Amino acid sequence: MDTTLTKFDVAICGAGPVGMALAALLARRGMDSTRIGLIDAKALGVALSDPRSIALSYGSRMLLEEIGAWPLPSTAIHQVHVSRRGQFGRSMIDRGEHGVEALGYVARYGDLVAALSGACERAGVAVLRPARVAGHAEHAENVALTLDDGRALRAAVVVRAEGGVFGEQDARSRTHDYRQTALIARVSTSAPLAHRAYERFTEEGPLAMLPQDGPDGHQYALVWCVRPERAQALLALDDARFLAQLGEAFGQRLGRMTGTSARVAYPLGLNADPGATGRTVAIGNAAQTLHPVAGQGLNLGLRDAAVLARLLAREAGPAALSAFARERRTDRKLVVELTDTMARAFAHQGPGQALLGLSLGLLDTFNPAKNLLGEWMMFGRR
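Under UniProt numbering, the first residue of the sequence shown is numbered 1, with each subsequent residue one higher.
As structure tokens, this is what we get:
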């Protein structure tokens with residue numbers, strides 16, 4: 001058992017995309033890379049083989065470019081079509097309205113991990129994996145960490161950047177079970193439209209079809225939010241019957257649903273808490289796990305990393321964490337409230353749904369509001 005004491009300025013617990021982005025940004029901002037510790041319980045190969053699809057905003061692309069983690073295999077989103085099933089009204093957000101190459105991108109989780117891992121390796125960041133934090137104690141001058149293999153660490157600041165999904169987390173100060181399950185798959189259609197993403201609100205929850213080209217041409221990353229019992233029934237169907245159910249829920253905008261990959265599911269909920277003490281801070285999913293509506297969770301976490309890196313590079317201590325809490329309060333609160341409101345408001349039946357559908361149509365005619373929504377989706381609250 002190795003009990004050698006290792007000292008860091010910043011120890012990052014969690015080497016997912018947000019944790020690795022923070023490490024690479026700290027090195028980019030001038031912090032000695034040997035003073036940055038990146039700790040993760042999983043071997044790198046596990047993350048590299050993760051087939052999940054993720055949505056990256058244009059603002060996140062800019063951050064990845066800065067640290068040398070872009071380009072990576074991805075499909076650009078040029079338009080986002082938003083509608084309410086069974087109700088009049090829809091809205092279309094187009095890249096041309098914002099003067100950008102793309103509103104966002106759809107990539108495989110493993111490809112993003114590979115790009116960020118490469119950026120950290122080139123920067124010389126110390127990576128400890130697989131290793132799990134078995135104990136910690138915060139003192140006036142540092143935080144003491146003990147790993148499950150017996151190694152002892154000291155860090156001026158500890159950043160919690162663990163990922164995980166709602167169903168695997170302990171409840172935080174603000175938590176809500178949406179009684180929805182996200183069904184994830186890759187699907188093909190008979191009449192795909194290149195570079196157009198769809199957010200379709202149904203009586204059970206949002207249904208997103210995100211363009212993600214594959215070896216067989218244009219395909220879509222599906223995120224279908226339904227009630228838990230419906231999710232189990234859908235998982236049990238054969239492919240043909242599953243595609244028929246999906247086609248009925250989504251409609252005919254992309255023609256027929258013609259193919260699907262294996263399907264997986266996970267429960268959805270809100271679990272949020274700033275999670276800060278004098279020398280520890282939480283970012284990304286460790287601070288706020290959100291409903292996937294509008295695809296803002298990872299992008300919010302990357303914005304956390306960008307601000308925290310700027311502040312810690314000046315001084316790794318309590319003052320930086322206090323400044324971080326002040327700077328990130330508005331963006332975090334806005335995203336949490338908006339995603340929570342959208343998840344609750346659209347996922348039920350009743351006379352108010354006609355008004356919600358109409359509001360989408362009105363949004364499409366009122367450019368200032370639509371442009372503000374597009375800016376928020378790409379860059380957050382700035």
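Built from N, CA and C at the ideal position, the CB exists for glycine as well.
Here the structure is a predicted model, which means the values were calculated and not measured.
Between Arg132 and Leu147, the CB-CB gap stays under 8 Å.
The DSSP-derived three-state label of Val165 is coil. In the displayed model, Thr330 falls within a helix according to three-state DSSP. In the same chain as Thr277, and ignoring 5 residues on each side of it, the C-beta atoms closer than 7 Å to its own belong to Glu138, in chain order.
DSSP, reduced to helix, strand and coil, places Arg279 outside both helices and strands of the structure shown, so it counts as coil. For the pair of segments examined, the stretch 277 to 286 was found not to touch the stretch 25 to 38: the number of CB pairs separated by less than 8 Å stays below three. Contact between the stretch 252 to 261 and the stretch 227 to 243 is present: three or more C-beta pairs spanning the two stretches fall below 8 Å.
In the structure shown, the three-state DSSP call for Arg52 is coil. With respect to the 8 Å criterion, Ala107 and Ala76 are not classified as neighbours on the basis of their beta carbons.
Per the C-alpha coordinates, the member of Arg230, Ala323, Ala343 positioned closest to Pro274 is Ala323.
According to the DSSP assignment, Glu65 belongs to no beta strand (DSSP E) but to the alpha helix (DSSP H) extending over 58 to 66. Pairwise C-beta distances place the stretch 156 to 169 out of contact with the stretch 185 to 194, as fewer than three of them are shorter than 8 Å. When DSSP states are grouped into helix, strand and coil, Val125 belongs to the coil group. Contact between the stretch 280 to 293 and the stretch 17 to 27 is present: 3 or more CB-CB pairs across the two stretches fall below 8 Å. Residue nearest to Leu5 within the set Gly150, His78, Pro71 is Gly150 (criterion: CA-CA distance). With a beta-carbon spacing of about 16 Å, Arg314 and Ala305 fall beyond the 8 Å limit used to define contacts. The DSSP-derived three-state label of Glu141 is coil. A contact is defined here as three or more CB-CB pairs under 8 Å, and the stretch 65 to 74 fails this definition with respect to the stretch 175 to 184.
Taking C-beta separations shorter than 6 Å and ignoring five residues to either side along the sequence, the partners of Leu290 in its chain run Gly297, Thr339, following chain order.
Comparing alpha carbon positions, the residue from Arg326, Asp40, Val143, Ala316 closest to Ala27 is Ala316. The criterion of a C-beta distance shorter than 8 Å is not satisfied by Val80 and Glu162. Across the set Gly104, Tyr266, Arg344, the C-alpha of Tyr266 shows the shortest separation from the C-alpha of Glu168. In summary, Arg84 is buried, with 16 or more beta-carbon neighbours lying within 10 Å of its beta-carbon over all protein chains present.
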